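Down below is the structure, laid out as C-alpha cells.
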Amino acid sequence: MRMILVPLAAAALGAGAVAIASSPAQSDRAAADQAAFEKTVEGLTPGKPVDCIDTRFNQASLKAVGPRLIYRVSPKLVYVNETAGGCEGVARGDALVTKQYSTQLCRGDIARTVDMTARIDTGSCSLGHFVPYQAR
Numbered sequence: 000m001r002m003i004l005v006p007l008a009a010a011a012l013g014a015g016a017v018a019i020a021s022s023p024a025q026s027d028r029a030a031a032d033q034a035a036f037e038k039t040v041e042g043l044t045p046g047k048p049v050d051c052i053d054t055r056f057n058q059a060s061l062k063a064v065g066p067r068l069i070y071r072v073s074p075k076l077v078y079v080n081e082t083a084g085g086c087e088g089v090a091r092g093d094a095l096v097t098k099q100y101s102t103q104l105c106r107g108d109i110a111r112t113v114d115m116t117a118r119i120d121t122g123s124c125s126l127g128h129f130v131p132y133q134a135r
C-alpha cells in the first residue's frame, strides 16, 4: 500500500508543477488573443446580438481568435461568435464544418473542425450568439 502512495504523491506534485508552469503561458495566449480580437474589430461598433446569420455572403471570410469565430462579411461588417471553445483549430488552418438545414448558421448549431491534410476531426463547439460589429 505504501509503495503505491509514494508514486501517486509524486505524480500529483508533478501535475501541480505543470499546472503552475502553464498558467503564465495561458495568460500570455489570452492576452494575445484579446489584442488580435481588438485589432480585428477596431473602428467597428458592436450591435445587438442575433441568433442567426445568413451564410450566402459572397466574399465572407472566417478566422478564429481564441474561442471566438469571426466572420468578416465586408470591411464594414463583421460577425463575432463566442463559442464554448473547441473550435480553435480554425486559427491554425483547420476547416470549420457545419450541418446546415437552411441558408443560416444559428446559435446552438454544432460545428466541428477538421484537419484537411490528415482528414481527421480536431475539435467541435457549439455556436453562441452572433454579435454584429459595424462601421458607423
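End of the sequence shown = 135 in numbering that gives the first Met the number 0, gap-free, step of one.
Beta carbons: idealized from backbone N, C-alpha and C, even for Gly.
In this text the structure is predicted, and so the values were computed from the model without any measurement.
Would the region 111 to 125 and the region 82 to 98 be scored as touching if the rule is three or more Cβ pairs under 8 Å?
Contact holds: three or more Cβ-Cβ distances are below 8 Å.
Just mark aspartate 93 as buried or exposed, buried being the case when its beta carbon has 16 or more other beta carbons within 10 Å.
Around the beta-carbon of aspartate 93, 16 or more other beta-carbon atoms lie within 10 Å, marking it buried.
Should arginine 67 go down as buried or exposed, given a rule of 16 or more other Cβ atoms within 10 Å for buried?
Arginine 67 should be labelled buried.
Thinking C-beta only, is valine 77 closer than 9 Å to valine 40?
Valine 40 places its beta carbon less than 9 Å from that of valine 77.
Can you tell me which of the three DSSP states valine 40 falls into?
The three-state reading of DSSP puts valine 40 in coil, since its state is none of H, G, I, E or B.
Report the rounded CA-to-CA distance for valine 72 versus valine 64, giving the unit in angstroms.
Between the alpha carbons of valine 72 and valine 64 lies a distance of about 16 Å.
Taking the CB atoms as reference points, tell me whether alanine 134 and threonine 54 lie closer together than 9 Å.
At the C-beta level, alanine 134 and threonine 54 stay beyond 9 Å of one another.
By Cβ distance below 8 Å, which residues in the same chain neighbour tyrosine 132 in space, the five residues on each side in sequence not counted?
Answer for tyrosine 132: Val40, Leu43, Thr44, Pro45, Gly46, Leu76, Val77, Tyr78, Val79, listed in chain order.
Going by beta carbon distance, what residues of the same chain come within less than 6 Å of phenylalanine 129, once the five residues before and after it are set aside?
Closer than 6 Å at Cβ, skipping near neighbours: Val49, Ile52, Tyr78, Asn80.
Nearer than 8 Å: is that true of the beta carbon of threonine 44 relative to any heavy atom of the ligand GDP?
No copy of the ligand GDP appears in this structure; indeed no ligand is present at all.
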